[in-house]
Structure formats: structure tokens, C-alpha cells
Amino acid sequence: MTSLITSFTDTLLHLFFPCICVGCGRELPQGHPGLCSGCTIALDETGFSGVPGNLAEKKFWGRLALFSATAGYYFRSGGLVQDLMHRLKYRSDRDLGVQLGRMLGWELEKCDRFRADLLVPLPLFPEREHKRGYNQATLLCEGMAEVLGIPLASRALSRTTHTLTQTSMNRTERWINMEGHFRVEEPGRLQGKHILLVDDVVTTGATLEACGQEILRLPDTKLSIATLCYAGRL
Ligand SMILES: [Zn+2]
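Mapping of the sequence shown onto our numbering: position 25 corresponds to residue 25, and the numbering continues sequentially without gaps.
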């Protein structure tokens, strides 16, 4: 009887709140949220997660001692991923962020290299987050946390700007000035854990590297990285 009521409730919910493809807006079958088959193909999955030494990991070789790294989809100019990223960052589509996080979570769930203790989003500059109203990496983490059952520490790190004038700086100092400084705000919570640092895209990996270095200063801490997209040389 209970299952009959549950099924009836699900049908009613579907009638009023149908699952919509996050890519094209078409209605999806009940219980199959995410993307329709056409959009799934258009998304161009990397398949990196189960592959040690994948292209996302290679970006950090010699720079950051990672346990594992992955990126879910290839980012191509004019592709669906670019469109989704634009909606996520500039059109306040928060549900899309959580849904994309779930999809990344389903991918990571397949292998044990990403069984971390804590999900940590790469922080935005406070002014940027305030203006946007959210951090897109935190939305991704929310979806991933749902699927993977890993707790989320959304304020474990912070990012600060320097207000120094750039003219007296060398190239590295200028870069640090633009990308900001990362700080671990909750060292006790992160120390000794396997941290999965999450961001929307990996391009050069420089920002994730700067952030990851701060995490790895904590004793006995293991670091992995997962991004939604992979951009750059293939
Ligand atoms: Zn679709």
C-alpha cells in the first residue's frame, strides 16, 4: 500500500514538476533527471575518472602532489558545455549547477579513486560571490554531496584580494595579485582528511594549484581535484 501511495505521489509530482533536460528543455522520462540522450552525446564526456595519469592529472604533474584528478566533460568553443557554463555563471541558474554536480557525482561514483572525506569548493573572491549571489563550485558540490554522500565544507577556504599597486611587482607577484591568496579557514576540519577540491573548469590549473598548495600545507592531508570541464590542449 505504501509503495502504491509513493508511486501515485511520484506520478502527481511528475505531472506538475516534470523532469526537464538541462540541455534542451525537453521533458524527460519520470525518474531520469539530467540530460536527454541527444544532449548527453553532445556533452562529450572525457571518461577521465577511472584513468590514472589522465589529461587533468597531467596538468598538475610536478606542481601539486595529488592523489587523483578528473574533469567530467571537454569544454569546446560553441559547444553545449560552453552554453551550460554560461547559464551557470551568468544567468543565475542554480538548479542547473546542482544538477551538473549530480552528473559529475554519478561519474565519480564509478571508481574508488575519489572516495574523499570532504568536498571543498574553490572559493570566489567575496565581491564576485556577493555580486553573483552564489559560488558555482558550491552548487556543483551540493549535487555531488547528494550522490556521493560526502559532506560539504563550503566555507573551509577563503580567497582574498591584494590592494597593492601592480607597478612595482614582478610577473609572479602580479599573477598572485590577480588570482588572490587562498587561506584555510577551518584547518581542524580539513587536517588529516582526503579533500576533494571542486571547481567548474580546469584550464591552466594555476588557480587550483595555488589553492591546493594551501590545503597540502596541513599535515597528513590528501588532495584530489574534480572539475566539471576540461579546457585547453588535448
Ligand atoms: Zn536535451
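Ideal Cβ placement from N, Cα and C applies to all residues, glycine included.
Stretch-stretch touch, CB-based, cutoff 8 Å, three pairs: the stretch 147 to 159 with the stretch 119 to 138:
Contact holds: three or more Cβ-Cβ distances are below 8 Å.
The beta strand (DSSP E) enclosing Arg132, as first and last residue numbers:
No beta strand (DSSP E) holds Arg132; the alpha helix (DSSP H) holding it covers 126 to 132.
Cβ contact (3+ pairs, closer than 8 Å) linking the stretch 69 to 78 and the stretch 42 to 49
The stretch 69 to 78 makes contact with the stretch 42 to 49; the number of CB pairs closer than 8 Å reaches 3 or more.
Considering Cα atoms alone, identify which of Gly34, Ser49, Gly212, Val184 is closest to Glu107.
Across the set Gly34, Ser49, Gly212, Val184, the C-alpha of Ser49 shows the shortest separation from the C-alpha of Glu107.
Say whether the stretch 177 to 191 touches the stretch 203 to 212, bearing in mind that this needs 3 or more beta-carbon pairs closer than 8 Å, one atom from each stretch.
Because the criterion of three Cβ pairs below 8 Å is met, the stretch 177 to 191 and the stretch 203 to 212 touch.
For Ala65, count the other beta carbons within 10 Å of its own beta carbon; 16 or more makes it buried, fewer makes it exposed. Which is it?
Classification for Ala65: exposed.
Which of helix, strand or coil does DSSP assign to Phe114?
Helix at Phe114.
Option nearest Leu228 by Cα separation, candidates Ala206, Leu197, Asp220, Glu214:
Out of Ala206, Leu197, Asp220, Glu214, Leu197 has the C-alpha closest to the C-alpha of Leu228.
Under 8 Å from any heavy atom of ligand 1, does the C-beta of Leu96 make it?
False, no ligand heavy atom lies under 8 Å from that Cβ.
Which of the three DSSP states, helix, strand or coil, is assigned to Ser37?
Residue state, collapsed to three classes: helix.
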